[in-house]
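Take a look at the structure set out below.
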Amino acid sequence: MSDVEMSPERWRRTSEYLTEVFGGRDPLLDGLMARAVAAGLPDIAVSADVGRLLSLLVSMTRAEAVLEVGTLAGYSGIWMARALAPGGRLTTLEKEPRHADFARAAFRDAGVLERVELVLGDALETLPRMRGPYDVVFLDAVKTDYPRYFELVRDTIRPGGLLVADNVLGSSRWWIDHAGDPNREAVDRFNRAVAADPAFEAACVPSRQGVLVARRR
Ligand code: SAH
Ligand code: MG
Numbered sequence: 002m003s004d005v006e007m008s009p010e011r012w013r014r015t016s017e018y019l020t021e022v023f024g025g026r027d028p029l030l031d032g033l034m035a036r037a038v039a040a041g042l043p044d045i046a047v048s049a050d051v052g053r054l055l056s057l058l059v060s061m062t063r064a065e066a067v068l069e070v071g072t073l074a075g076y077s078g079i080w081m082a083r084a085l086a087p088g089g090r091l092t093t094l095e096k097e098p099r100h101a102d103f104a105r106a107a108f109r110d111a112g113v114l115e116r117v118e119l120v121l122g123d124a125l126e127t128l129p130r131m132r133g134p135y136d137v138v139f140l141d142a143v144k145t146d147y148p149r150y151f152e153l154v155r156d157t158i159r160p161g162g163l164l165v166a167d168n169v170l171g172s173s174r175w176w177i178d179h180a181g182d183p184n185r186e187a188v189d190r191f192n193r194a195v196a197a198d199p200a201f202e203a204a205c206v207p208s209r210q211g212v213l214v215a216r217r218r
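Numbers given in this note's numbering equal positions in the sequence shown, counted from 1, plus 1.
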């Protein structure tokens, strides 16, 4: 193994492999981000293999109540909404009205709109109103706000429920091994806070940009 080194090219092919094998083919989800980008939204949704992971986590917890912070085009939301238990609900928070409008149409196209509540506004203002209890909380909005998100959602997660967070290792602009970037510093504080919290058992799936999965004891 010592001669196998991770290069950007190898990482790109690895990501493609993960998407091909574990993402699965879905006509609606496969075309969604291309349409979103054409409509001017940023291309920063989770990859298909992470979408699959989110779906699996929602179904494994038999989730009836899921909270998402950062809707964008509804890509990760559709993966999770489809995996909800019958009668279940996804509440998803988004600050940009343009993103919310696009996502609402995407939820409708995917046939999950009646299971979704889209809450418009800055998550730091809307999160304190969210009562839970939630089976799964998925964080994916402002990275410098992750430590505050954790404080706000911590006690809304039921025992046995999950805290999931995207980009806990990096993004296209910063990485966890390079000190100094404010996103990196905040996410590092978040990771350490969750890992050290006796109420949670946490692990990181280093898929793409890192997904933290923590179970509330
Ligand atoms: N979870 C989505 C991607 C989310 S991208 C997916 O994987 O498909 C991050 C989103 O958070 C963007 O749509 C951005 O507009 C939104 N956002 C940015 N700042 C926010 C804030 N303060 N409160 C709520 N949402 C915010
Ligand atoms: Mg993300």
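Ideal Cβ placement from N, Cα and C applies to all residues, glycine included.
Q.
At a threshold of 7 Å, does V143 count as lining the ligand SAH (C-beta to nearest heavy atom)?
A. For the purposes of this step, residue 143 is taken as residue 142 along the sequence shown, with counting starting at 1. Indeed, a heavy atom of the ligand SAH lies less than 7 Å from the Cβ.
Distance between F191 and I45 (C-alpha atoms, nearest Å):
Residue mapping note: residue 45 aligns to position 44 of the sequence shown, counting from 1. Residue mapping note: residue 191 aligns to position 190 of the sequence shown, counting from 1. Using only the alpha carbons, I get a separation of about 20 Å.
### Query
Once you ignore the five residues that flank A107 on each side, which residues in its own chain have a CB closer than 7 Å to its CB?
If you number the sequence shown from 1, residue 107 lands on position 106. Cβ neighbours of A107 beyond the five flanking positions: L33, A74, G75, I79.
Give, in chain order, every unbroken run of the beta strand (DSSP E) that is at least 3 residues long and sits entirely within the stretch 101-149.
117-121, 135-140
* Less than 7 Å between the CB of G71 and some heavy atom of the ligand SAH, yes or no? -> Here residue 71 refers to the residue found at position 70 of the sequence shown. Yes.
Notebook entry, point to check: Quick one: is the Cβ of L94 within less than 7 Å of any heavy atom of the ligand SAH?
Noted result: Numbered from its first residue, the sequence shown carries residue 94 at position 93. Indeed, a heavy atom of the ligand SAH lies less than 7 Å from the Cβ.
Subject >> CA nearest to the CA of R116, picked from D189, L85, R53 >> reply: Position 115 of the sequence shown holds residue 116. Comparing Cα-Cα distances from R116 to each of D189, L85, R53, the minimum goes to L85.
What three-state label does DSSP hand T72 in the structure shown?
Residue 72 sits at position 71 when you count from the first residue of the sequence shown. DSSP places T72 in coil when its eight states are reduced to three.
Could you name the residues that DSSP lists as bridge partners for R90?
-> Residue numbering aside, residue 90 sits at position 89 when the sequence shown is read from its first letter. The partner list for R90 (beta bridge, DSSP) reads A66.
Self-check item: Cα-Cα separation between D178 and R185, rounded to whole angstroms
Solution: For the purposes of this step, residue 178 is taken as the residue at position 177 of the sequence shown. For the purposes of this step, residue 185 is taken as the residue at position 184 of the sequence shown. Rounded to the nearest angstrom, the two C-alpha atoms are 8 Å apart.
Have a look at L55 and G162 and give me their C-alpha separation to the nearest angstrom. Start at 1 with the first residue of the sequence shown, and residue 55 comes out as number 54. Start at 1 with the first residue of the sequence shown, and residue 162 comes out as number 161. L55 and G162: Cα-Cα distance of roughly 13 Å.
Check your understanding: Whole-angstrom Cβ separation of S77 and F151, contact assumed at under 8 Å?
Key -> Residue numbering aside, residue 77 sits at position 76 when the sequence shown is read from its first letter. Residue numbering aside, residue 151 sits at position 150 when the sequence shown is read from its first letter. Rounded, the Cβ-Cβ distance is 19 Å, inconsistent with contact.
- Query: Can you tell me whether DSSP reads V22 as helix, strand or coil?
  - Reply: Mapped onto the sequence shown, residue 22 falls at position 21. Here V22 sits in helix by DSSP.
(request) Look up P98 in the DSSP assignment and say whether it is helix, strand or coil. (result) Your numbering for residue 98 matches position 97 in the sequence shown. Looking at P98 - three-state DSSP - the assignment turns out to be helix.
- [ ] Identify whether V169 lies in helix, strand or coil by the three-state DSSP scheme.
- [x] Position 168 of the sequence shown, counting from 1, holds the residue named residue 169. V169: coil per DSSP, three-state reduction.
(request) Return the chain-ordered list of same chain residues with a C-beta closer than 7 Å to the C-beta of L125, the five sequence neighbours on each side being excluded. (result) Position 124 of the sequence shown holds residue 125. Counting only Cβ-Cβ distances below 7 Å, and skipping sequence neighbours, we find D146, R149.
_Residues that DSSP places opposite I177 in a beta bridge_ = As a first step, residue 177 is located in the sequence shown; it is residue number 176 there, counting from the start. According to DSSP, which records beta bridges pairwise, I177 is partnered with nothing at all.
### Query
What are the boundary residues of the beta strand (DSSP E) that includes V51?
Locating residue 51 in the sequence shown gives position 50, counting from the first residue. Where V51 is concerned, there is no enclosing beta strand (DSSP E), although the alpha helix (DSSP H) it sits in stretches over 49-61.
_For V154, which residues in the same chain have their Cβ closer than 6 Å to its Cβ, ignoring the five residues on either side in sequence?_
Within the sequence shown, numbered from 1, the residue matching residue 154 stands at position 153. Contacts found: V138.
If contacts are defined as beta-carbon pairs under 8 Å, then V165 and L58 qualify, I think. What distance do you get, rounded to the angstrom? Within the sequence shown, numbered from 1, the residue matching residue 165 stands at position 164. Within the sequence shown, numbered from 1, the residue matching residue 58 stands at position 57. Rounded, the Cβ-Cβ distance is 6 Å, consistent with contact.
In terms of residues, what are the limits of the alpha helix (DSSP H) holding R193? As a position in the sequence shown, residue 193 is number 192, starting the count at 1. Per DSSP, R193 belongs to the alpha helix (DSSP H) from 183-197.
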